[in-house]
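Mapped onto our numbering, the consecutive letters of the sequence shown carry residue numbers 563 to 730.
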Amino acid sequence: MVSEWPAGEAEGGGDDPLSEFMRLALREAEQALRENEVPIGAVILRGERVLAAAHNQREQLRDPTAHAEMIAITQAAAAIGDWRLEDCALYVTLEPCPMCAGAILQARIPVVVYGARDPKAGAVDSLFSLLNDPRLNHRCQVYGGVLAEECGRMLTEFFRAQRRLGKK
Ligand SMILES: [Zn+2]
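Rendered as structure tokens:
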């Protein structure tokens, strides 16, 4: 069914492979929500095999680097026994920040698919274009805005609830 992957257009919605795998990342974001973490999820696939599935765990781990992508990259590298994730694709519900974009470059991940844009910290399209900077030695194929509405809605609702509780 996904023999032509990732040829499908990243329009969001529908059952194209990009949306299908983004749903796995969304499931991770839901798990983060249950743990009272900012709901962001990420998965890394090689072909159709899921090498890693992780969500933001900054509060639980008290670790500013515990973003979903960072944890997923570490998991995937452990799964294949190589720091080079050269034939992998990373799916994440929110546009990666500069730290995660840096890790994506370090891991040489060739395909990155994200959901909602992050106008405040996004380092793929919004504030920087780290994954496609000709000065750097690695570039990624990027598909943005996949299931963007669903991905963004989880975040909006989370922060709204936080404000109601008088937190940040
Ligand atoms: Zn990040």
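Note that the Cβ used here is the ideal one computed from N, Cα and C, for glycine as well.
Keep in mind that this is a model prediction, so the values were computed, not measured.
With 6 angstroms as the limit, the residues whose C-beta approaches any heavy atom of ligand 1 more closely are His629, Glu631, Pro658, Cys659, Met661 and Cys662, in sequence along the chain. Take the alpha-carbon of Ala641 and the one of Thr718: they are about 33 angstroms apart. Contact between Leu692 and Ala685 holds, since their C-beta atoms are separated by about 5 angstroms, short of 8 angstroms. Counting the other Cβ atoms within 10 Å of the Cβ of Thr655 gives 16 or more, which makes it buried.
Inter-residue distance for Arg697 and Ile606 is about 26 angstroms (C-alpha atoms, whole angstroms). Proximity to Glu590 across Glu657, Ala604, Phe583 and Val600 peaks at Ala604, based on C-alpha coordinates.
Scanning the stretch 651-683 for uninterrupted beta strand (DSSP E) segments of 3 residues or longer gives 651-656 and 673-678, listed from N- to C-terminal end.
Only exposed fits Glu597, as fewer than 16 other CB atoms lie within 10 angstroms of its CB. For the options Glu657, Pro672, Glu631 and Ala723, the alpha carbon positioned closest to that of Arg701 is the one of Pro672. For Leu580 and Ala630, the gap between their C-alpha atoms comes out near 18 angstroms. Taking Glu648 as reference, the option from Ile666, Met632 and Met661 with the minimal CA-CA separation is Ile666.
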